[in-house]
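Structure record follows, encoded as structure tokens.
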Amino acid sequence: MAEWVRMSEATAIGMHAMLRLADVDHSLSVAATAGDLGVSPAHLAKVLQTLARAGLLEARRGPNGGYTLAKPRATIRLLDIYEAIEGPMRRDRCLFARPVCRRDQCALGDVVGEVRNKVYVYLRDTTLADRAEGR
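Residue numbering for the sequence shown follows our numbering, starting at 10 and increasing by one per position.
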């Protein structure tokens, strides 16, 4: 399938959950966070486990357990979250997995590459602190 920028539901959930964690100074449970976001607790748990394996979250067990940020929110870029879930972001200029046209004959010109680069730069340059503070 041709995609301008891949952004799965898991990535959207991960970004929203991380932003919620950036707003508090205590751990949040999967159940409470899933309820706040209106998502499946099972799906959220898998996403948070992925982010924990990537070193972005810490998991705590027990009655007061849950997840907390593993690093200061000013050091976690949205790109870190994206790539922990999706893998490296595509930055080429073709919608197809294998380019089918020559550069000067693409039906969309350079717009695909420009859109991908703009999204990449935004995710690279924006931290959880930026979003938590409304920047």
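Positions of the beta carbon are idealized from the N, C-alpha and C atoms, including for glycine. In this text the structure is predicted, and so the values were computed from the model without any measurement.
Inset, instruction - Let me know the beta strand (DSSP E) ranges lying completely inside the region 62-139, each 3 residues or longer, listed in chain order. - result: 66-69, 75-78
Inset, instruction - Figure out for me which residue from Met24, His35, Arg140, Asp139 has the closest Cα to the Cα of Gly75. - result: On the sequence shown, residue 75 is found 66 positions in, with the first residue counted as 1. Closest by alpha carbon: His35.
Inset, instruction - Could you spell out where the alpha helix (DSSP H) holding Arg29 opens and where it closes? - result: The residue you call residue 29 lines up with position 20 of the sequence shown. Unbroken alpha helix (DSSP H) run through Arg29: 18-31.
Inset, instruction - Taking Gly146 as part of the alpha helix (DSSP H), name the residues at either end of that continuous run. - result: Outside the shown range of the chain (10 to 144) lies residue 146, about which nothing can therefore be said.
Legend entry - Contact check, Ala31 vs Leu78, beta carbons under 8 angstroms: For this step, residue 31 is matched to residue 22 along the sequence shown. For this step, residue 78 is matched to residue 69 along the sequence shown. Yes. Within cutoff.
Inset, instruction - Name the one or two DSSP bridge partners that Leu37 has. - result: In the sequence shown, counting from the first residue as 1, residue 37 sits at position 28. DSSP lists Tyr76 as partners of Leu37.
Inset, instruction - Measure the CB-CB distance between Val14 and Val128 and report whether it falls below 8 angstroms. - result: The residue given as residue 14 occupies position 5 in the sequence shown. The residue given as residue 128 occupies position 119 in the sequence shown. Yes.
Inset, instruction - Ignore the nearest five residues each way along the sequence and tell me which others in Glu67's own chain have a CB closer than 6 angstroms to its CB. - result: The residue you call residue 67 lines up with position 58 of the sequence shown. Correct list, in chain order: Thr77, Ala79.
Legend entry - Cβ-based burial, Val56 [other Cβ within 10 Å; buried from 16]: Position 47 of the sequence shown, counted from the first residue, corresponds to residue 56. Buried, since its Cβ has 16 or more Cβ neighbours within 10 Å.
Legend entry - Burial state of Ala83 (16 or more Cβ within 10 Å): Position 74 of the sequence shown holds residue 83. Exposed: under 16 other Cβ atoms inside 10 Å.
Legend entry - Residue nearest to Glu18 in terms of C-alpha spacing, selected from Ala106, Leu65, Leu46: Within the sequence shown, the letter at position 9 stands for residue 18. The option with the nearest alpha carbon to Glu18 is Leu46.
Legend entry - Short Cβ contact (8 angstroms threshold) for Leu60 with Arg133: Position 51 of the sequence shown, counted from the start, is the residue given in the question as residue 60. Position 124 of the sequence shown, counted from the start, is the residue given in the question as residue 133. Not in contact: Leu60 and Arg133 (Cβ atoms no closer than 8 angstroms).
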